[in-house]
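Engineer: The structure that follows is given in the form of structure tokens.
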Amino acid sequence: MIKVAVCGAAGRMGQRIIVAAKEAGCTVSGALERPGHELVGQDAGLIAGCGSLGVAISDDLNAVVEGCDVLIDFTTPKVSLKNLEACALKKKAIVIGSTGFTPEERALAAELAKDIPAVLAPNMSVGVNVCFKILKDVAKTLGDDFDVEIVELHHNKKKDAPSGTAVRMGEVVAEALGRDYNKVANYHREGICGERTKEEIGMQTVRGGDIVGEHTVYFIGMGERIEISHRAMTRDMFSRGSVRAAQWVVGKAPGLYDMQDVLGLR
Ligand SMILES: NC(=O)C1=CN([C@@H]2O[C@H](COP(=O)(O)OP(=O)(O)OC[C@H]3O[C@@H](n4cnc5c(N)ncnc54)[C@H](O)[C@@H]3O)[C@@H](O)[C@H]2O)C=CC1
Ligand SMILES: O=C(O)C1=N[C@H](C(=O)O)C[C@H](O)C1
Numbered sequence: 001m002i003k004v005a006v007c008g009a010a011g012r013m014g015q016r017i018i019v020a021a022k023e024a025g026c027t028v029s030g031a032l033e034r035p036g037h038e039l040v041g042q043d044a045g046l047i048a049g050c051g052s053l054g055v056a057i058s059d060d061l062n063a064v065v066e067g068c069d070v071l072i073d074f075t076t077p078k079v080s081l082k083n084l085e086a087c088a089l090k091k092k093a094i095v096i097g098s099t100g101f102t103p104e105e106r107a108l109a110a111e112l113a114k115d116i117p118a119v120l121a122p123n124m125s126v127g128v129n130v131c132f133k134i135l136k137d138v139a140k141t142l143g144d145d146f147d148v149e150i151v152e153l154h155h156n157k158k159k160d161a162p163s164g165t166a167v168r169m170g171e172v173v174a175e176a177l178g179r180d181y182n183k184v185a186n187y188h189r190e191g192i193c194g195e196r197t198k199e200e201i202g203m204q205t206v207r208g209g210d211i212v213g214e215h216t217v218y219f220i221g222m223g224e225r226i227e228i229s230h231r232a233m234t235r236d237m238f239s240r241g242s243v244r245a246a247q248w249v250v251g252k253a254p255g256l257y258d259m260q261d262v263l264g265l266r
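Structure below.
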């Protein structure tokens with residue numbers, strides 16, 4: 001039975017991960033929140049709604065990491081990098097679901113994961129990861145004749161845009177088409193902005209209410225279009241995916257993995 005600690009324990013995802021870890025038969029050994037959070041000291045299981053776990057929400061990163069086999073972290077890139085550093089020092093595994101990493105922060109994560117096994121993935125659901133695989137094939141098959149546009153919808157509390165999943169979808173398509181995502185992504189059109197270029201990948205963001213997460217990639221040709229969509233109806237497949245990743249990553253060789261590795265989709 002692996003010992004799982006959760007960082008961001010009082011957050012939307014953190015609470016669902018505590019429930020999923022308990023349901024999967026893991027020991028929830030620790031729950032971490034930011035110093036000063038009003039729920040520090042409260043029972044993590046009671047806060048998550050799965051009954052008392054006898055584990056108080058803590059703000060002591062080192063103590064929580066020390067007590068676990070693997071830390072599951074859904075917070076922000078800056079916090080995740082700090083957690084990765086703490087796990088590397090104590091030789092513990094880590095699963096990171098935070099999104100909004102810059103390319104430089106992703107490179108730093110890969111560097112920090114040289115000595116420990118780590119999973120970093122913008123989306124832990126099986127469905128989205130299968131979409132990544134399908135998108136590669138569709139983009140390769142259609143080639144340059146179809147314009148690619150990506151639209152994502154999320155709740156009004158989301159802090160990063162576009163979503164990590166939308167960015168990964170753009171990267172997958174760009175790579176399949178032999179383009180550099182960072183050069184072809186177009187995040188903004190306004191005014192007399194000119195005709196669409198053939199290479200660009202349009203990235204559009206919608207925010208509102210309680211939308212869990214929706215992504216559509218449009219391949220738009222002359223007289224026809226293909227739409228590949230994923231709609232999340234609850235957060236539970238993200239939390240179950242993160243626990244699955246935690247069970248998978250403990251004992252793996254050091255390095256940075258993603259959900260394609262966990263799910264055997266590579
Ligand atoms: N990879 C995936 O499958 C998914 C990723 N996400 C990503 O997970 C992240 C969190 O999302 P939500 O749970 O909706 O956000 P949230 O804002 O509800 O939760 C984040 C929690 O982290 C805590 N936190 C902030 N700084 C901290 C620190 N220094 N130490 C410990 N805890 C700290 C906050 O107090 C908050 O409770 C976002 O980046 C989101 O995009 C969300 C859903 C699925
Ligand atoms: O913040 C969220 O809620 C979500 N974030 C992830 C992302 O940015 O891709 C995944 C999911 O869509 C929910």
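Just so you know, we're using the UniProt record's numbering here: the sequence shown kicks off at 1 and counts up by one.
Cβ atoms here follow ideal geometry from the backbone N, Cα and C, with glycine treated the same way.
All values reported here derive from a predicted model rather than from experimental measurement.
Below 7 Å, is the gap between the Cβ of residue 98 and the nearest heavy atom of ligand 1?
Structural biologist: The sequence position of residue 98 within the sequence shown is 98, counting from 1. Correct: residue 98 has its Cβ closer than 7 Å to ligand 1.
Engineer: Which partner residues of residue 118 appear in the DSSP bridge assignment?
Structural biologist: Reading the sequence shown from its first residue, position 118 is the one you call residue 118. Residue 118 is bridged to 94 and 256.
Engineer: Kindly identify the DSSP beta-bridge partner or partners of residue 7.
Structural biologist: Here the question's residue 7 lines up with position 7 in the sequence shown. Residue pairing for residue 7: DSSP places it in a beta bridge opposite 32 and 73.
Engineer: Enumerate, from N- to C-terminal direction, the unbroken alpha helix (DSSP H) stretches of 4 or more residues contained entirely within the UniProt domain "Dihydrodipicolinate reductase C-terminal" (127-263).
Structural biologist: 164-176, 181-184, 236-249 and 259-262
Engineer: For ligand 1, I want to know if residue 40 counts as a neighbour, meaning its beta carbon is within less than 7 Å of at least one of the ligand's heavy atoms.
Structural biologist: Walking along the sequence shown from the start, residue 40 turns up at place 40. No; taking the cut-off as 7 Å, the Cβ of residue 40 has no heavy atom of ligand 1 nearer than that.
Engineer: With a threshold of 8 Å, are at least 3 pairs of Cβ atoms found where one atom belongs to the stretch 226-233 and the other to the stretch 208-215?
Structural biologist: Taking a cut-off of 8 Å for Cβ pairs, the stretch 226-233 and the stretch 208-215 touch, as three or more such pairs fall below it.
Engineer: Compute the distance between the beta-carbons of residue 39 and residue 57, then report whether it is under 8 Å.
Structural biologist: To locate residue 39, count along the sequence shown from 1; it is residue 39. To locate residue 57, count along the sequence shown from 1; it is residue 57. Their beta carbons are under 8 Å apart, which means residue 39 touches residue 57 by this criterion.
Engineer: Within the present structure, is the beta-carbon of residue 92 separated from the nearest heavy atom of ligand 2 by less than 7 Å?
Structural biologist: Position 92 of the sequence shown holds residue 92. Using a cutoff of 7 Å, the CB of residue 92 does not count as near ligand 2, since none of the ligand's heavy atoms is closer than that.
Engineer: If you drop the 5 nearest sequence neighbours on each side, which residues of the same chain put their C-beta closer than 7 Å to that of residue 18?
Structural biologist: In the sequence shown, the residue the question calls residue 18 occupies position 18. Cβ within range, chain order: 6, 9, 28, 31, 44, 45, 48 and 50.
Engineer: Beta-carbon within less than 6 Å of residue 177's beta-carbon, same chain only, minus the 5 sequence neighbours each way: which residues are those?
Structural biologist: The residue labelled residue 177 in the question sits at position 177 within the sequence shown. Closer than 6 Å at Cβ, skipping near neighbours: 139.
Engineer: Taking the alpha-carbon positions, what's the residue 36 to residue 60 distance?
Structural biologist: Along the sequence shown, read from residue 1 onward, the residue named residue 36 stands at position 36. Along the sequence shown, read from residue 1 onward, the residue named residue 60 stands at position 60. Near 11 Å, if we compare the C-alpha coordinates of residue 60 and residue 36.
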